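For the sequence shown, position 74 (counting from the first letter as 1) is numbered 639 according to the numbering used here, and the numbering increases by one without interruption.
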Amino acid sequence: VEDEEAVRSFAARALRMRGYNVLEASGGEEALEMVRNASAPIHLLITDVVMPNMDGPTLGRNVKRIRPEMAVIFMSGSAEEAFRRNDEKAEDLHFLPKPFGLKQLASKVKEVLSGAPPAKRAG
């Protein structure tokens with residue numbers, strides 16, 4: 566989820582090249598609607614921190630209410646420490662500083678997905 570189209574398309578293209586299925590949204594409301602209506606599992610949310618209307622932390626909290634098993638990576642050009650101070654569960658946050666390259670993005674996604682708790686199974 567990224568309101569800057571160039572950053573969003575770079576990240577989506579980079580992840581698709583690595584074999585990931587990617588859904589793109591230009592804002593928090595659009596992303597939340599996608600999560601609500603998804604018929605297939607979504608394992609990871611990557612979102613910008615600062616966006617118009619709904620910021621990344623608000624989106625992350627709303628997504629976690631719907632799909633608590635989903636991992637979240639926050640992207641920001643701001644300092645990670647300043648971001649972490651504003652959240653009560655800072656140890657659970659994954660952070661990707663902007664600007665980032667393909668290697669940093671792919672590495673962070675792989676790291677988070679490999680350490681994310683497995684989805685709960687029904688029955």
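The beta-carbon is built from N, C-alpha and C at its ideal position, and this holds for glycine as well.
Bear in mind the structure is a predicted one, so any value in this text is a computation, not a measurement.
Could you tell me whether any non-hydrogen atom of the ligand SAH is closer than 7 Å to the CB of residue 600? In terms of ligand content, the structure shown is empty, and the ligand SAH therefore cannot be addressed.
State the beta-bridge partners of residue 641 as determined by DSSP. Residue 641 is bridged to 662.
Extent of the continuous alpha helix (DSSP H) run through residue 667: Its alpha helix (DSSP H) spans residues 667-680.
Taking the alpha-carbon positions, what's the residue 673 to residue 627 distance? When only Cα atoms are considered, residue 673 and residue 627 end up about 22 Å apart.
Rounded separation between residue 620 and residue 593 - CA only: Cα to Cα, residue 620 sits roughly 7 Å from residue 593.
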